[in-house]
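Structure, as C-alpha cells:
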Amino acid sequence: MLPAWASLPAQMDRLGANAPESLLALILASAGLAILALILALIAVGKRLWWKSQARHRAARVEMWRAHLLEVLARERPPHSLASQIDVAHRDAFLRFLLPYATAVRGRASERISALSHPFISGLRRELGDRRPSVRTRAVQWIGVFGGPDQAGSLRRALDDSSDRVAEVAFRHLARLGGPGDTERLLSCLGRLTHVDRRQVSSALAKLGEGAAPRLRAAVAASNRSQFVRVCCAETLRWLGDADAAPLAARLLREMSVDLEAAPAEVAASLLRLLRAVGRKEHRSVARRFCWSPVPFVRIHAARALGQLGTGADEELLNALVSEDSSRWVALGAARSLVELKQVASLRALKDSDHRRSRLASDVLPMSQPTPQT
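Counting from 36, one number per residue, gives the positions in the sequence shown under the working numbering.
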C-alpha cells in the first residue's frame, strides 16, 4: 500500500486541470451579484424619485385645493365647482384636507364646507358596510364631521356595529347631530362604552341640550341602570346646570344614607358633585351625612359640597374632617370648603400649631388671605 503523500502529485494535477472552470464560475457569480446589486440600487433610486414626484404632485394638489377653498369660503365661486374637480382616487386625501376646516369654521363657512363634502357622503355611507372595522370607523367619523342632521339615521345604525370603536365614534357624533329624542337610544349604547372616559361621555351627552334633561334624570333615578350609566347621566346634568335635578339628587342621597356602607359609591359621589353645582342651602343636611361615608372619595365630595351649600353651622364638622380624617385629600377638601365659607379662624390656629395637618392649613390659607395694600 502506497503512503498518503504518494498520491499528492496526482491530486495537484487534477486541481490544476479544473482551475479554469472554477475561476470562470467565480467570475460569473461575482458578475451576477454585481448586476443584482446594480438592479436593486436602480430600483431604490427609482422608488425614491417616484416618491419625491408623488410628494410634489400631492403638495401641488393641496395648494390648488387651498386656493380654491379660500375662493369658495369667500363666496367667489360655488362649492360644486371645486367638488366636481376631485378625482375619485383623491377623495380620501381631499376629505383629510377639509377636516381641519370642517372642525374650525362656523356659520355660513361651515355650510359651504358641508356643501363641498356632500357629493362624497353617499360613498362614505357605503363604507359603513365594509368588513374592515378601520374603514367603518373612518366612514362614521367623516359622516359625523361633514354630515348634518340628515345623516343622523346612518349614525343610529352605526351604534349597532359589531366594533365597539365604531359604536363609540357614532355615539359622539349622534349626540351632536341628533336631538333629545335620541337620548334613550344613546343611553342604551353606554354598556359598550365603559372603557371610555366618563367625562368624554358626559360631554357628548351634554350636546343633546336641556331637552334631554328629563330622560337623564329618569336614568339617574333608575336603580336597575348600571353605575356607569347613572354616573354619566348625573355628570351630564351637572354640565347642563339642570336645577331641577337638585331635589332628585337630594332624595336619592337621602335614601342611600340609610346604609352608607351599601350605598353605590360612584353614584353617591356624582350626585354630591351635582348638588354642589345646582343644589341649595336646604340640601346641606344630606351632604353632611355623607361626610361619614366609609369611602374616602365620597367624603371628599361631601365636604366640597358643603363649601357651596353649607353655613357657619358646618364649621365644626369641616374642622373635624381637617384635623381627624384619615385621608389627607378629604382634609384638603374640607379645608377648601372652610375657605369658601370664610370660616378660617380655626385654620389659622391649626397653621400655627404642631398638628400633623398644620402644613395643609398653611397651603390652603394663602388663598384666603387679603393681598396687602401698598
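C-beta atoms are modelled at their ideal positions from N, C-alpha and C, and glycine is treated no differently.
Am I right that residue i and residue j are in contact with their C-beta atoms under 8 angstroms? What's the rounded C-beta distance?
i           : j           : result
residue 302 : residue 334 : Residue 302 to residue 334, Cβ: 15 angstroms. No contact.
residue 337 : residue 328 : 7 angstroms
residue 411 : residue 243 : What is shown of the chain runs 36 to 409, which leaves residue 411 out entirely.
residue 275 : residue 287 : Rounded, the Cβ-Cβ distance is 17 angstroms, inconsistent with contact.
residue 283 : residue 256 : 6 angstroms
residue 114 : residue 143 : Actually they do not touch by this definition, with Cβ atoms about 12 angstroms apart.
Measure the CB-CB distance between residue i and residue j and report whether it falls below 8 angstroms.
i           : j           : result
residue 189 : residue 161 : no
residue 268 : residue 254 : yes
residue 210 : residue 240 : yes
residue 410 : residue 137 : The chain is shown from 36 up to 409; residue 410 falls before or after that span and cannot be answered.
residue 141 : residue 168 : no
residue 281 : residue 318 : yes
residue 354 : residue 372 : no
residue 133 : residue 151 : yes
residue 227 : residue 202 : yes
residue 173 : residue 196 : no
residue 184 : residue 212 : yes
residue 187 : residue 218 : no
residue 331 : residue 292 : no
residue 326 : residue 310 : no
residue 273 : residue 312 : yes
In angstroms, rounded to a whole number, what distance separates the CA positions of residue i and residue j?
i           : j           : result
residue 60  : residue 79  : 29 angstroms
residue 178 : residue 271 : 25 angstroms
residue 182 : residue 84  : 39 angstroms
residue 233 : residue 264 : 9 angstroms
residue 278 : residue 314 : 7 angstroms
residue 357 : residue 298 : 24 angstroms
residue 359 : residue 343 : 22 angstroms
residue 163 : residue 208 : 15 angstroms
residue 350 : residue 376 : 8 angstroms
residue 125 : residue 100 : 11 angstroms
residue 108 : residue 94  : 21 angstroms
residue 322 : residue 224 : 32 angstroms
residue 139 : residue 155 : 20 angstroms
residue 386 : residue 198 : 55 angstroms
residue 396 : residue 383 : 7 angstroms
residue 367 : residue 308 : 16 angstroms
residue 304 : residue 237 : 15 angstroms
residue 259 : residue 266 : 13 angstroms
residue 72  : residue 191 : 57 angstroms
residue 245 : residue 117 : 39 angstroms
residue 102 : residue 128 : 16 angstroms
residue 74  : residue 57  : 26 angstroms
residue 120 : residue 157 : 17 angstroms
residue 347 : residue 231 : 40 angstroms
residue 112 : residue 216 : 38 angstroms
residue 409 : residue 388 : The predicted model places residue 409 with a pLDDT of 41, which falls under 50 and marks its position as unreliable; any figure quoted below should be read in that light. The alpha-carbon atoms of residue 409 and residue 388 are separated by roughly 30 angstroms.
residue 122 : residue 149 : 18 angstroms
residue 294 : residue 166 : 50 angstroms
residue 69  : residue 76  : 10 angstroms
residue 86  : residue 96  : 15 angstroms
residue 261 : residue 390 : 42 angstroms
residue 320 : residue 229 : 33 angstroms
residue 379 : residue 289 : 29 angstroms
residue 153 : residue 324 : 56 angstroms
residue 91  : residue 180 : 28 angstroms
residue 67  : residue 81  : 21 angstroms
residue 7   : residue 145 : No statement about residue 7 is possible, as the shown extent of the chain runs from 36 to 409 and does not include it.
residue 400 : residue 374 : 7 angstroms
residue 105 : residue 235 : 33 angstroms
residue 98  : residue 64  : 51 angstroms
residue 398 : residue 392 : 10 angstroms
residue 406 : residue 131 : Residue placement at residue 406 cannot be trusted, given a pLDDT of 44 that sits under 50; what the coordinates show is reported in the next sentence. Distance between the alpha carbons of residue 406 and residue 131 is about 52 angstroms.
residue 345 : residue 316 : 6 angstroms
Please specify which runs of the alpha helix (DSSP H), each continuous and at least 4 residues long, are wholly inside the region 197-271, giving them in chain order. 199-212, 218-224, 233-241, 248-256
If we require 4 or more residues per run, which alpha helix (DSSP H) segments fall completely within the region 63-115? none
Contiguous alpha helix (DSSP H) assignments of at least 4 residues, all confined to the region 120-177: 126-139, 142-162
Whole alpha helix (DSSP H) elements within the region 372-406, 4-residue minimum: 380-386, 393-399
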